[in-house]
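Counting with this note's numbering, you get residues 3 to 93 for the letters of the sequence shown.
From the three backbone atoms N, C-alpha and C, an ideal C-beta is built for every residue, glycine too.
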Amino acid sequence: MGQFQLSNTAYCAVLRGTDATVTLPQSQISQLPYLVIGNKATISSSGYYGYISEIDVYGNSFKFKPAQDDGILESVTPGLLNISEIITISQ
């Protein structure tokens, strides 16, 4: 089971129970084919995690769903997935 890290390049509002969208930089778009629905995605700054629910293979983003019972999936800034946030993908 491998891990790799991806960077977010756009702010994303993450309301309780909603999926977070991670927008990749041009240099990391080549990593999209390695993502699989169900892979674990962890926000490095907060430790919140979820599971990949959607992959935009023709674009530059993917979404992941919160796994915590409280439905929270955010960076250290409440309600946001910040720019430059590191997301660790576990396969």
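**Report entry** Per DSSP, the bridge partner or partners of Tyr51
**Finding:** In the DSSP assignment, Tyr51 forms a beta bridge with Thr44.
Query raised in the report: Could you give the C-beta distance for Leu8 and Ile89, rounded to a whole number, given that I count them as a contact under 8 Å?
Result: Confirmed, about 5 Å.
Query - Val24 - containing beta strand (DSSP E), residue span - result: Note, Val24: beta strand (DSSP E), Ala22 to Thr25.
Query raised in the report: Quick one: is Leu26 buried, meaning 16 or more other Cβ sit within 10 Å of its Cβ, or exposed?
Result: By the neighbour-count criterion, in which 16 or more other beta carbons inside 10 Å mark a residue as buried, Leu26 falls on the buried side.
Query raised in the report: If you check the beta carbons only, do Ser55 and Lys67 fall under 8 Å apart?
Result: In this structure, Lys67 lies closer than 8 Å to Ser55 by Cβ.
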